[in-house]
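Peer 1: Starting off with a structure, shown below.
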Amino acid sequence: MILLKAEKEVQVISARKTKKFLKFAGIPLVIFTIVLVVPFVNGFYYTFTDWDGFEVTKLVGFKNYADSFADPKFWVTLRFTALFVVVSLVLVNVVAFGLALIVTSKLRSRNILRTFFFVPNLIGGVVLGVIWQFIFNSAIVSLANKYDVELFKESWLQDTNKAFWALIIVTVWQSSGYMMIVYITGLVSIENDVLEASQIDGASPLRTLFLIKIPLMAQAFTIALFLTLRSGFMAYDVNVALTDGGPFRTTELISLHIFQDAFLEGDFGTGQSKAVVMFLVVALAALVQVTISKRYEVQR
Amino acid sequence: MKTRAHWGKRATFIVGAVLAIIYVFPFFLVFVNSVKLKYDILANPLSIPLSITWDNYQQAFTKMNYFRALTNSLVITIFSVSLLIIFSSMLAYYLSRTKSKPSKYIFLILVASMIVPFQALMIPFLARFAPLVSYNNRGALIFFYIGFGTALSTFLYHGFISTIPTEIDEAASIDGASDLVAFWKIIFPMMRPITATVAIINALWIWNDFLLPRLVLDEASQTLPLSTYLFYGTYAVEYGQAMAGLALAVMPIVIFYLILQKQFISGISQGAVK
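Note that the protein sequences, when read in sequence, are chains A and B. The first sequence lines up with residues 0 to 299 when you count with numbering that gives the first Met the number 0. The second sequence lines up with residues 0 to 273 when you count with numbering that gives the first Met the number 0.
Below is the structure:
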């Protein structure tokens, strides 16, 4: 009798728990599963089949992956993307850290400067890319011809190597403001007495920066490096608006490459296996980066 | 010693000022050229306009269907962000207050999902959702934004909720408030700072997003980035009009930023550090 009562009570409680779960977590979890989890799992499965965008008739093993890596254009993209990720990662963070140092100094104009540095970040990559397309294709070219500057007479976007640097310039300009905010947060989190102590000990500003500030704010570096790594791999908007992969598909970052493969050439199978490769590379790179960065973080 | 510090400060100022000019110069170029005639732009894109023409704006305004694009962007951003706030705050509250294995795993899955690039599931995603998209364009897009935004928003709320003592929930339930009432009347108002962060981060992302709208939206539902891109693609040689179009595309968010500057910066820094 008592047992039965207890059992009933448990049932009532678990029913109440289920009700609360559905009320609070039901809708977002269902949407999350439909929008993200299902296509993700599906995507993995499709790469091992002969899926053509509509139906699957048989399993084909690793054929799609073999086809992807047999595509010379994919190798061009992989090289271009790797180079882009590394160079943009370094430059964005160096510039952003410099900006953060400027706007955390004792300048009276620091707030205005911060406002200015952050502006490019507000605007989407496409609009920024289009603005810079005008600058590289028209404004600079017309000035170069007027004042006879050889380097800029031909648009940078027509040349693979120069277009790479154009992409880097726009990316650094766009992202450094955001990463600056991350570094500012790190810099202001350092306790004042630590800095005063180092000043009393007679440490030069440069020594203080490298031996005290940077180690104490290592967490900010972990975050900023992770964010730039991820956005470097995912860069699409600026790529489309600036070069659209041209000349001759030599400046395609991996996102654009997958887009072209699937939606322009209709190669859904290889397009999706390249997308899976991209996911694995991003996940692995992020994991390695975070593990390494974490080691430098100081416990306080 | 004092003079050295003084010179250091002056050098910092000069470097900062030069950089600030470089950072906003592209926008200056857009605005200056947006009121010039095509011929004047070609002759010298740097010159101050001698005669000002507003015709470019008029042309751009109608050709890129500015008003329609702006409305679309506003509707999509406002609906997506509001729904994201409602759903993810509730989900985060549930996950943070329910100390059970499933809720821990759900949270871990959400966090892990943030590393998945959209491109990795874009192709099956489109194949699967084609019918929904053709049924209701904007509705479908809002639905997708909720799906893609849930993880980060829930994560941000989750971190904040664990700083609110559980005694508050207990007090509310002793007073006889149902869990929903307790959440909306008592807990949610306490989370205003993080709600601001969630709102700003998601609004910036959705307002500026390009790839997903490009894949999903038909002509009548185009958002501002999409219609700017297409307009520029068609009228790039009409430099004046193209610049006016870009100026129109940039203006709403910049004005919004200048009004809410403090919230923007503090919102971003809170979101970034978590």
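Backbone N, C-alpha and C define an ideal beta-carbon position, used for all residues, glycine too.
#1: For the region 180 to 207 of chain B, which residues have a CB atom closer than 8 Å to at least one CB atom of chain A, in sequence order?
#2: Report the residues of the region 57 to 91 of chain B with a CB closer than 7 Å to any CB of chain A, ordered along the chain.
#3: Please look up how many angstroms separate the CB atoms of residue 271 (chain A) and residue 64 (chain A), rounded, as I've assumed it's under 8 Å.
#4: Starting from residue 138 (chain B), trace the alpha helix (DSSP H) in both directions and tell me its first and last residue.
#5: Leaving aside the five residues before and after residue 222 (chain A) along the sequence, list all residues of the same chain whose C-beta is less than 7 Å from its C-beta, in chain order.
#6: How far does the alpha helix (DSSP H) with residue 260 (chain A) in it reach, from first residue to last?
#7: Do the region 218 to 232 of chain B and the region 17 to 32 of chain B meet, that is, are 3 or more Cβ pairs less than 8 Å apart?
#8: Could you tell me the boundaries of the alpha helix (DSSP H) in which residue 95 (chain B) lies?
#9: Measure the alpha-carbon distance for residue 107 (chain B) versus residue 20 (chain B) and round it to whole angstroms.
#10: Give the secondary structure of residue 48 (chain A) by DSSP, where H, G and I count as helix, E and B as strand, and everything else as coil.
#11: Residues in the same chain with beta-carbon distance under 6 Å from residue 201 (chain B), minus the five sequence neighbours each way, listed in chain order, please.
#12: So, for residue 136 (chain A): in the same chain, excluding its five sequence neighbours on each side, which residues have a beta-carbon less than 8 Å away from its beta-carbon?
#13: Do you know whose CA, among B:152, B:248 and B:91, lies nearest residue 266 (chain B)'s CA?
#14: Can you tell me whether residue 120 (chain B) is helix, strand or coil according to DSSP?
#15: Using a Cβ distance threshold of 8 Å, determine whether the region 114 to 133 of chain A contacts the region 168 to 178 of chain A, with at least three qualifying pairs required.
#16: Please compile the residues from chain B whose C-beta is within a distance smaller than 8 Å of the C-beta of residue 233 (chain A).
#17: Going by the DSSP bridge assignment, what does residue 58 (chain A) pair with across the sheet?
#18: For residue 281 (chain A), which option in A:262, A:266, A:253 and A:296 has the closest C-alpha, if you only look at C-alpha atoms?
#19: I want to know whether the region 63 to 70 of chain B touches the region 121 to 131 of chain B - three or more CB-CB distances under 8 Å.
#20: For residue 127 (chain B), return the contacting residues in chain A, with the cut-off set at a CB-CB distance below 8 Å.
#21: If distances are taken between C-alpha atoms only, which option among A:244, A:212 and A:174 comes closest to residue 225 (chain A)?
#22: Could you give the distance in angstroms between the alpha-carbon of residue 171 (chain B) and the alpha-carbon of residue 186 (chain B)?
#23: Closer than 8 Å by beta-carbon distance: list the chain A residues that pair up with residue 23 (chain B), in chain order.
#24: Which same chain residues, not among the five before or five after residue 123 (chain A), have their C-beta less than 7 Å away from its C-beta?
#25: Apart from the five residues just before and just after residue 165 (chain B), which ones in its own chain have a Cβ nearer than 8 Å to its Cβ?
#26: Using only alpha-carbon positions, find the residue among B:221, B:253, B:237 and B:248 that is nearest to residue 67 (chain B).
#27: Are there 16 or more other CB atoms within 10 angstroms of the CB of residue 279 (chain A), so buried, or fewer, so exposed?
#28: Rounded to a whole number of angstroms, what is the C-alpha to C-alpha distance between residue 164 (chain A) and residue 220 (chain A)?
#29: Please state the DSSP three-state secondary structure of residue 53 (chain B).
#30: Here's the rule I'm using: 16 or more other beta-carbon atoms within 10 Å means buried, otherwise exposed. How should residue 276 (chain A) be labelled?
#31: To the nearest whole angstrom, what separates the beta carbons of residue 59 (chain B) and residue 247 (chain B), a pair I think is in contact under 8 Å?
#32: Distance cutoff 9 Å, beta carbons only. Does residue 267 (chain A) sit that close to anything in chain B?
#33: Among A:36, A:149, A:25 and A:106, which has the Cα closest to the Cα of residue 5 (chain B)?
#34: For residue 51 (chain A), which option in A:290, A:261, A:295 and A:43 has the closest C-alpha, if you only look at C-alpha atoms?
#35: Cβ atoms of residue 243 (chain B) and residue 55 (chain B): under 9 Å apart, would you say?
Peer 2: Let me spell this out:
#1: 182, 203, 206 and 207
#2: Per Cβ criterion, the list reads 86, 87, 89 and 90.
#3: As a first step, residue 271 (chain A) is located in the first sequence; it is residue number 272 there, counting from the start. As a first step, residue 64 (chain A) is located in the first sequence; it is residue number 65 there, counting from the start. Not a contact, Cβ separation roughly 10 Å.
#4: Walking along the second sequence from the start, residue 138 (chain B) turns up at place 139. Segment 136 to 160, the alpha helix (DSSP H) holding residue 138 (chain B).
#5: Counted from its first residue, the first sequence places residue 222 (chain A) at position 223. Correct list, in chain order: 181.
#6: On the first sequence, position 261 is the one that residue 260 (chain A) refers to. Premise fails: residue 260 (chain A) is in no alpha helix (DSSP H) and is neither H nor E.
#7: no
#8: Within the second sequence, residue 95 (chain B) is the residue found at index 96, counting from 1. Per DSSP, residue 95 (chain B) belongs to the alpha helix (DSSP H) from 65 to 96.
#9: As a position in the second sequence, residue 107 (chain B) is number 108, starting the count at 1. As a position in the second sequence, residue 20 (chain B) is number 21, starting the count at 1. When rounded, the distance between both Cα atoms is 44 Å.
#10: Stepping through the first sequence from its first residue, residue 48 (chain A) is reached at position 49. Reduced to three states, the DSSP call for residue 48 (chain A) is strand.
#11: Residue numbering aside, residue 201 (chain B) sits at position 202 when the second sequence is read from its first letter. The answer, listed in chain order, is 80, 83 and 148.
#12: Translated into positions along the first sequence, residue 136 (chain A) becomes position 137. So the qualifying residues of the chain are 154 and 156.
#13: Within the second sequence, the letter at position 267 stands for residue 266 (chain B). Considering only alpha carbons, the answer is B:152.
#14: Position 121 of the second sequence, counted from the first residue, corresponds to residue 120 (chain B). DSSP places residue 120 (chain B) in coil when its eight states are reduced to three.
#15: With the cut-off at 8 Å, the region 114 to 133 of chain A and the region 168 to 178 of chain A touch.
#16: For this step, residue 233 (chain A) is matched to residue 234 along the first sequence. Under the 8 Å cutoff, chain B gives 116, 117 and 118.
#17: Numbered from 1 along the first sequence, position 59 holds the residue referred to as residue 58 (chain A). In the DSSP output, where bridge partners are listed per residue, residue 58 (chain A) has A:48.
#18: Position 282 of the first sequence, counted from the start, is the residue given in the question as residue 281 (chain A). Taking only the C-alpha atoms, the option nearest residue 281 (chain A) is A:253.
#19: no
#20: If you number the second sequence from 1, residue 127 (chain B) lands on position 128. Neighbours of residue 127 (chain B) on chain A, chain order: 37, 38 and 41.
#21: Here residue 225 (chain A) is taken as the residue at index 226 of the first sequence, counted from 1. Ranking the options by Cα distance to residue 225 (chain A), first place goes to A:174.
#22: The residue labelled residue 171 (chain B) in the question sits at position 172 within the second sequence. The residue labelled residue 186 (chain B) in the question sits at position 187 within the second sequence. Each residue's CA atom was taken as its position, placing residue 171 (chain B) and residue 186 (chain B) some 10 Å apart.
#23: Against the second sequence, residue 23 (chain B) aligns to sequence position 24. What residue 23 (chain B) touches in chain A: 115 and 118.
#24: Residue numbering aside, residue 123 (chain A) sits at position 124 when the first sequence is read from its first letter. Excluding residues within five positions, the ones whose Cβ falls inside 7 Å are 236.
#25: For this step, residue 165 (chain B) is matched to residue 166 along the second sequence. Answer for residue 165 (chain B): 96, listed in chain order.
#26: For the purposes of this step, residue 67 (chain B) is identified with residue 68 of the second sequence, where counting begins at 1. Nearest C-alpha to residue 67 (chain B): B:221.
#27: Reading the first sequence from its first residue, position 280 is the one you call residue 279 (chain A). Residue 279 (chain A) is exposed by the Cβ-count criterion.
#28: The count along the first sequence starts at 1 and reaches residue 164 (chain A) at position 165. The count along the first sequence starts at 1 and reaches residue 220 (chain A) at position 221. A straight-line Cα-Cα distance of about 24 Å links residue 164 (chain A) and residue 220 (chain A).
#29: Taking the second sequence and counting its residues from 1, one reaches residue 53 (chain B) at position 54. Reduced to three states, the DSSP call for residue 53 (chain B) is coil.
#30: One-based indexing of the first sequence puts residue 276 (chain A) at position 277. Buried: at least 16 other Cβ atoms inside 10 Å.
#31: The sequence position of residue 59 (chain B) within the second sequence is 60, counting from 1. The sequence position of residue 247 (chain B) within the second sequence is 248, counting from 1. Yes, residue 59 (chain B) and residue 247 (chain B) are in contact; Cβ-Cβ is about 6 Å, under 8 Å.
#32: Position 268 of the first sequence holds residue 267 (chain A). With 9 Å as the cut-off, residue 267 (chain A) counts as an interface residue toward chain B.
#33: Taking the second sequence and counting its residues from 1, one reaches residue 5 (chain B) at position 6. When each option's Cα is compared against that of residue 5 (chain B), the closest is A:106.
#34: As a first step, residue 51 (chain A) is located in the first sequence; it is residue number 52 there, counting from the start. It is A:261.
#35: As a position in the second sequence, residue 55 (chain B) is number 56, starting the count at 1. As a position in the second sequence, residue 243 (chain B) is number 244, starting the count at 1. Yes.
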